[in-house]
Amino acid sequence: MLFSQLPLQAAPLTFDETAFREDVKTLASDAFGGRAPLSGGEQKTLEYLTQAFKSMGLKGAFNGEYLQAVPMAKITADQSMVLKVGELSFSPGEDFTARTQRVVPKVELSGSDMVFVGYGINAPEYGWNDYAGIDVRGKTVVLLVNDPGFATQDPKVFKGNAMTYYGRWTYKYEEAARQGAEAVFIVHEDAPAAYGWGVVKNSNTNTKFTLVDGNNNQSQVGVMGWLQYTAAKQILAASGQDIEVLKAAAKAPGFKAVPLSVKADLALNNHIERAESHNVAAILPGNKNADEAVVMHAHWDHLGQTEEAGKTVILNGAVDNATGVAGVLALARHYAALPEAEKPARSIIFSAFTAEETGLIGAQYFAENPPLPTSKLVAFLNIDGMNVGEGVDYILRYGEGVSELETMLSDAANVQNRQVKADPRPQNGLMFRSDHFALAQQGVPGLLFMSLGDTDPDYIAHKYHKGADDYSPDWQLGGVKQDLKLIEQILSRLANGSEWPKWLEESDFKTRRAKDGR
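Under UniProt numbering, the first residue of the sequence shown carries the number 1, and numbering increases by one thereafter.
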């Protein structure tokens, strides 16, 4: 039987709207303080989720335990720092941001040589190396966000308008570390970054979290920074360079890095707390192939608190991502309540991960330390923001030509008379900005279910990572209901079937999955 011809095997979803609303209202309440990891809000969240799973009769997924400890450091940078470049001085939060994932009390740039390295990409498969012919060891690199495909809008350059992983800020820091750079400053612009400076500020000037390795993360760059466009323009001008001329050069093949005549000074002082955050997961054992599992997940964390207009504002993250967690709980309730004879053949692991907002940390740790070997994990289904308004006649597909799960998505959408639409903003790189990406890096395919700016045009500009992302009793939830029904179709099909969805040839993850014999 062809994979695309497998029947949909799904019991009708029983959706408890009252419970869904209560879950979101509670998790996104001020009492939970914005659900920052390693805070009182985390403890409240863990207790709430653990009790919810217990009340359903589900057991903990980690050898019977609900919680998976994630070793982390909580790093708070002193925001009185000043970035000095030659005669120029820049203010944190307004002109630049700087943080570190090294677990050290201080990172210092003292007369650090600066180099403009274009997009900071080394991609042999695209014939592109911005670091060719330049030694950046111990230096400060300045680079552009996104990739040359977006800059040129040429589908023959990288993937054109669709962002590749080479365009993500996480990659920029990773590659610069491999090149031996001490500091990185990414030049921010709204369009290529896919969000405004306010998102960068809120995401990088508060307390941050990191996994901790055996060497206190010394292999990472010392300074992970962003620059406002105007600040970058001034820095480059001080070296006799025009930022627009450099941008034009950087998007052309054969670009050569440009050493700058100015030097950088910065003292980044950190308050460090070592602690454990936690992933939460429960398991519904399969009644036939219990050693194989589908993972249904969302991230429970948000950004805690921030300062807006001189006032402390709690970032409650109602849509992002209390709705996703509530969606996972709704699905868990449905499956847990099924008669034993109707329980799925394969196990389902219902998970809520920590520290997604700080770089997919909880998902990364889960993927590297899963409750079952990755060779036994069939797929991941990730909810990151739900449509709390009316239902729509489409479902978004993030990525194209990635895995056979796209066929399942199309089949489930057809049952609802909905069309599958390509990501309308492929330049935003959403494929790389949610937890399923950390899991995909371990070779397991997945689908992202995200509805943010497509159904609420004000969301990205006015609510995303801001105090306005609050629960409202006026939410209609038509979109939530239809999407949970669609997800349940796919989840049941995976959990009741025997097929293993494969990565397609175009995927970057196929080799990793092949090592698991899949």
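Where is the CB? At the ideal position from N, CA and C, for every residue including glycine.
For residue i, collect the residues of the same chain with a Cβ closer than 6 angstroms to its Cβ; drop the 5 residues on either side in sequence, then sort them by chain order.
i, result
"His334", "Leu13, Thr14"
"Asn216", "Val103"
"Gly478", "Glu390, Gly391"
"Tyr398", "Asp423, Leu430, Met431, Leu448"
"Leu8", "Confidence is the limiting factor: at Leu8 the pLDDT is only 46, short of 50, which leaves the residue's position unreliable and the question unanswerable from this model."
"Leu38", "Lys74, Ala275, Ser277"
"Ser261", "Ser239"
"residue 539", "Past the edges of the chain, shown from 1 to 518, lies residue 539, and the structure says nothing about it."
"Met1", "Because the pLDDT of Met1 is 35, which lies under 50, any placement of that residue in the model is unreliable, and the question is left without a value."
"Lys44", "Phe32"
"Pro105", "Asn270"
"residue 537", "The structure shown does not extend to residue 537, since the chain is modelled only from 1 to 518, so the question has no answer here."
"Ala290", "Ser347"
For the beta strand (DSSP E) that residue i lies in, which residues bound it at each end?
i, result
"Leu448", "446 to 449"
"Val200", "From DSSP, Val200 is part of no beta strand (DSSP E) but of the alpha helix (DSSP H) over 197 to 204."
"Ala352", "346 to 353"
"Leu396", "394 to 397"
"Ala98", "96 to 99"
"Lys510", "Where Lys510 is concerned, there is no enclosing beta strand (DSSP E), although the alpha helix (DSSP H) it sits in stretches over 510 to 514."
"Thr140", "140 to 144"
"Phe209", "208 to 211"
Going by DSSP, what residue range makes up the alpha helix (DSSP H) through residue i?
i, result
"Ser55", "40 to 56"
"Thr312", "Thr312 -> not in any alpha helix (DSSP H); beta strand (DSSP E) instead, spanning 311 to 314."
"Lys74", "Lys74 -> not in any alpha helix (DSSP H); beta strand (DSSP E) instead, spanning 67 to 77."
"Val24", "17 to 27"
"Asn414", "405 to 415"
"Ile243", "243 to 250"
"Gln482", "478 to 496"
"Glu368", "361 to 368"
"Leu338", "No alpha helix (DSSP H) contains Leu338, which DSSP labels as neither H nor E."
"Pro374", "The question names Pro, but residue 374 in the sequence shown is Thr. Note, Thr374: premise wrong, no alpha helix (DSSP H); not H, not E."
"Thr152", "148 to 152"
"Ile134", "First-last for Ile134: undefined, no H or E at that position."
"Ala461", "459 to 462"
"Leu439", "436 to 440"
Check this for me: beta carbons of residue i and residue j, under 8 angstroms apart or not?
i, j, result
"Ala298", "Asn428", "no"
"Val280", "Ala379", "no"
"Leu46", "Leu67", "yes"
"Leu143", "Gly120", "yes"
"Met408", "Ala267", "no"
"Tyr229", "Gln179", "no"
"Glu292", "Ser347", "yes"
"Asp320", "Leu452", "yes"
"Ala322", "Phe20", "no"
"Ser375", "Met296", "no"
"Ala282", "Lys421", "no"
"Lys463", "Asp454", "no"
"Tyr496", "Ala345", "Looking at the sequence itself, residue 496 is Asn, so the reference to Tyr does not match. It is a contact, given that the beta carbons lie within the stated cut-off."
"Val199", "Gly327", "no"
"Glu368", "Gly362", "no"
Where DSSP assigns a beta bridge to residue i, which residues make up the other side?
i, result
"residue 523", "Nothing can be reported for residue 523: it is not among the residues displayed for the chain, which extend from 1 to 518."
"Ala264", "Val85, Ser112"
"Pro473", "Note: Pro473 sits in no beta bridge, so no partner."
"Met296", "Phe350, Leu381"
"Ile121", "Per DSSP, none; premise fails for Ile121."
"Gln228", "His188"
"Arg178", "Answer is none; Arg178 lacks a bridge partner."
"Gly64", "Gly60"
"Val420", "Ile395"
"Glu276", "Pro71"
"Glu308", "Lys311"
"Asn321", "Asn321 pairs with nothing; no bridge assigned."
"His271", "Thr76"
Since residue i contacts residue j with CB under 8 angstroms, what's their CB separation in whole angstroms?
i, j, result
"Met450", "Asp384", "5 angstroms"
"Met114", "Thr140", "5 angstroms"
"residue 545", "Thr207", "One cannot answer for residue 545 here, as it falls past the ends of the chain, which runs 1 to 518."
"Ala440", "Leu486", "Contact doesn't hold; Cβ gap of about 21 angstroms is too wide."
"Lys201", "Thr97", "6 angstroms"
Once the 5 residues before and after residue i are set aside, which same chain residues still bring their CB inside 7 angstroms of it?
i, result
"Gly40", "Gly33"
"Asp147", "Tyr119, Ile121, Phe158, Met163, Thr164, Tyr166, Gly167"
"Ala237", "none"
"Gly222", "Thr100, Arg102, Val107, Glu182, Ala183"
"Ser4", "Since pLDDT at Ser4 reaches only 44, below the 50 mark, its modelled position is unreliable, and the value read off the structure follows with that caveat. If we look at Ser4 and ignore the five residues flanking it on each side, its Cβ neighbours are Thr407."
"Ala232", "Val142, Val187, Ile243"
"Trp197", "His188, Gln228"
"Phe437", "Leu360, Met431"
Within the same chain, show all residues whose beta-carbon is closer than 8 angstroms to that of residue i, passing over the 5 residues directly before and after it, in chain order.
i, result
"Gln79", "Pro92, Gly93, Thr205"
"Gly304", "Gly33, Gly34, Arg35, Ala36, Ser39, Gly41, Asn206, Thr207, Ile314, Leu315"
"Ser89", "Val82, Leu83"
Counting only beta-carbon atoms, is residue i nearer than 8 angstroms to chain D?
i, result
"Gln416", "The question asks about chain D, but that chain is absent: this structure has only one protein chain."
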